[in-house]
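Novice: In the working numbering, the protein residues as written are 1 to 120.
Using N, Cα and C, we set each Cβ at its ideal position, and we do this for glycine too.
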Amino acid sequence: DLEVLEAAEHAWFHLLHLHGDEVMFDRLARYPVQAVNWHDRETPPTLTDARARFAGALCGGLRQWETMVRGAPEDVRREAADAIRQTGGRGFILGTGCVTPIVAPTSNIRAAREAVEREG
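Okay, structure coming up:
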(Lines of atoms letter the chains of each structure in order from A; the text may use other names.)
(Lines give C-alpha, C1' and ligand atoms only; values in the text may rest on other atoms or scores of the structure.)
Protein backbone atom coordinates (compact mmCIF):
# COMPACT_ATOMS: atom_id res chain seq x y z
CA ASP A 1 0.00 0.00 0.00
CA LEU A 2 2.66 2.48 1.00
CA GLU A 3 4.69 1.66 -2.11
CA VAL A 4 1.75 2.66 -4.29
CA LEU A 5 1.21 5.88 -2.34
CA GLU A 6 4.90 6.69 -2.60
CA ALA A 7 4.82 6.17 -6.36
CA ALA A 8 1.83 8.52 -6.56
CA GLU A 9 3.19 11.17 -4.19
CA HIS A 10 3.16 13.77 -6.98
CA ALA A 11 -0.66 13.57 -7.18
CA TRP A 12 -2.53 16.33 -5.41
CA PHE A 13 -5.18 14.12 -3.78
CA HIS A 14 -5.12 10.61 -2.35
CA LEU A 15 -8.30 8.89 -1.20
CA LEU A 16 -7.75 5.60 0.63
CA HIS A 17 -10.58 3.07 0.39
CA LEU A 18 -10.70 0.51 3.21
CA HIS A 19 -12.70 -2.41 1.86
CA GLY A 20 -14.61 -4.98 3.90
CA ASP A 21 -15.01 -5.62 7.62
CA GLU A 22 -12.48 -5.02 10.39
CA VAL A 23 -10.61 -2.44 8.33
CA MET A 24 -7.80 -1.56 10.79
CA PHE A 25 -8.92 2.07 10.61
CA ASP A 26 -6.47 3.47 13.17
CA ARG A 27 -3.45 1.89 11.52
CA LEU A 28 -4.43 2.89 8.00
CA ALA A 29 -5.56 6.39 9.01
CA ARG A 30 -1.86 7.16 9.57
CA TYR A 31 -1.17 6.68 5.85
CA PRO A 32 -0.20 9.82 3.90
CA VAL A 33 -3.63 10.44 2.37
CA GLN A 34 -5.99 13.40 2.32
CA ALA A 35 -9.20 11.36 2.63
CA VAL A 36 -10.39 7.96 3.74
CA ASN A 37 -13.46 5.97 2.67
CA TRP A 38 -14.85 2.76 4.17
CA HIS A 39 -18.17 0.99 4.72
CA ASP A 40 -18.94 3.27 7.67
CA ARG A 41 -22.57 2.15 7.89
CA GLU A 42 -21.57 -1.52 8.09
CA THR A 43 -18.30 -1.63 10.03
CA PRO A 44 -16.63 0.53 12.69
CA PRO A 45 -15.77 3.25 13.17
CA THR A 46 -18.78 5.50 12.80
CA LEU A 47 -18.25 8.82 11.07
CA THR A 48 -18.41 10.52 14.47
CA ASP A 49 -15.67 8.30 15.89
CA ALA A 50 -13.56 8.58 12.74
CA ARG A 51 -13.74 12.38 12.85
CA ALA A 52 -11.88 12.26 16.18
CA ARG A 53 -9.30 9.78 14.84
CA PHE A 54 -8.44 11.14 11.38
CA ALA A 55 -7.51 14.73 10.56
CA GLY A 56 -8.26 14.53 6.83
CA ALA A 57 -11.52 14.31 4.95
CA LEU A 58 -13.96 11.46 5.51
CA CYS A 59 -15.87 10.01 2.57
CA GLY A 60 -18.98 7.89 3.02
CA GLY A 61 -22.27 8.04 4.86
CA LEU A 62 -24.48 6.13 2.40
CA ARG A 63 -25.10 2.40 2.14
CA GLN A 64 -24.38 1.43 -1.45
CA TRP A 65 -27.03 -1.29 -1.91
CA GLU A 66 -29.60 -0.89 0.83
CA THR A 67 -29.95 2.87 0.46
CA MET A 68 -28.61 3.93 -2.93
CA VAL A 69 -30.00 1.04 -4.99
CA ARG A 70 -32.99 -0.31 -3.06
CA GLY A 71 -33.94 2.77 -1.05
CA ALA A 72 -36.19 5.68 -1.91
CA PRO A 73 -34.95 9.25 -2.33
CA GLU A 74 -36.21 10.06 1.16
CA ASP A 75 -34.04 7.25 2.59
CA VAL A 76 -31.02 8.76 0.83
CA ARG A 77 -31.82 12.25 2.15
CA ARG A 78 -32.28 10.93 5.70
CA GLU A 79 -29.03 8.93 5.68
CA ALA A 80 -27.13 11.83 4.09
CA ALA A 81 -28.44 14.30 6.68
CA ASP A 82 -27.34 11.96 9.47
CA ALA A 83 -23.84 11.64 7.96
CA ILE A 84 -23.54 15.41 7.63
CA ARG A 85 -24.61 15.83 11.26
CA GLN A 86 -22.08 13.22 12.41
CA THR A 87 -19.23 15.11 10.77
CA GLY A 88 -20.48 18.62 11.33
CA GLY A 89 -20.46 18.93 7.54
CA ARG A 90 -16.74 19.77 7.59
CA GLY A 91 -13.99 17.72 6.01
CA PHE A 92 -16.64 15.44 4.60
CA ILE A 93 -17.41 14.03 1.15
CA LEU A 94 -20.82 12.38 0.93
CA GLY A 95 -20.64 9.07 -0.88
CA THR A 96 -21.19 5.37 -0.55
CA GLY A 97 -18.93 3.18 1.56
CA CYS A 98 -17.68 1.64 -1.68
CA VAL A 99 -18.54 2.20 -5.33
CA THR A 100 -21.95 3.58 -6.24
CA PRO A 101 -23.56 0.82 -8.30
CA ILE A 102 -24.42 1.77 -11.87
CA VAL A 103 -27.97 0.55 -11.21
CA ALA A 104 -28.54 3.20 -8.52
CA PRO A 105 -31.61 5.20 -9.56
CA THR A 106 -30.88 8.69 -10.82
CA SER A 107 -33.48 9.97 -8.35
CA ASN A 108 -31.37 8.63 -5.47
CA ILE A 109 -28.19 10.21 -6.79
CA ARG A 110 -30.07 13.48 -7.18
CA ALA A 111 -31.42 13.13 -3.61
CA ALA A 112 -27.85 12.79 -2.29
CA ARG A 113 -26.84 15.98 -4.08
CA GLU A 114 -29.90 17.81 -2.81
CA ALA A 115 -29.16 16.69 0.75
CA VAL A 116 -25.68 18.20 0.54
CA GLU A 117 -27.12 21.45 -0.82
CA ARG A 118 -29.74 21.55 1.95
CA GLU A 119 -27.76 20.23 4.93
CA GLY A 120 -24.15 20.99 4.05
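1) What does the Cβ neighbour count give for V33, buried or exposed, with the cut at 16 atoms within 10 Å?
2) How is V23 classed by DSSP in three states: helix, strand or coil?
3) Tell me the rounded alpha-carbon separation between E6 and L15.
4) Pull up the distance between the alpha-carbon of L28 and that of D1, whole angstroms please.
5) Determine the DSSP secondary structure at A35, reduced to helix, strand or coil.
6) Whole-angstrom Cβ separation of A115 and V76, contact assumed at under 8 Å?
7) Can you look up I102 in the DSSP assignment and give me helix, strand or coil?
8) What residue from N37, G61 and L62 has the CA that sits closest to F54's CA?
Specialist: Quick look at the numbers:
1) For the purposes of this step, residue 33 is taken as the residue at position 33 of the sequence shown. V33 should be labelled buried.
2) Within the sequence shown, residue 23 is the residue found at index 23, counting from 1. Of the three classes helix, strand and coil, the one that applies to V23 here is coil, per DSSP.
3) As a position in the sequence shown, residue 6 is number 6, starting the count at 1. As a position in the sequence shown, residue 15 is number 15, starting the count at 1. Answer to the nearest angstrom: the Cα atoms are 13 Å apart.
4) For the purposes of this step, residue 28 is taken as residue 28 along the sequence shown, with counting starting at 1. For the purposes of this step, residue 1 is taken as residue 1 along the sequence shown, with counting starting at 1. Those two C-alpha atoms are separated by around 10 Å.
5) Taking the sequence shown and counting its residues from 1, one reaches residue 35 at position 35. Strand, per DSSP.
6) Stepping through the sequence shown from its first residue, residue 115 is reached at position 115. Stepping through the sequence shown from its first residue, residue 76 is reached at position 76. Going by Cβ atoms, the distance from A115 to V76 rounds to 7 Å, so yes, they are a contact pair.
7) Here residue 102 refers to the residue found at position 102 of the sequence shown. DSSP places I102 in coil when its eight states are reduced to three.
8) One-based indexing of the sequence shown puts residue 54 at position 54. Out of N37, G61 and L62, the CA that lies nearest to the CA of F54 is found in N37.
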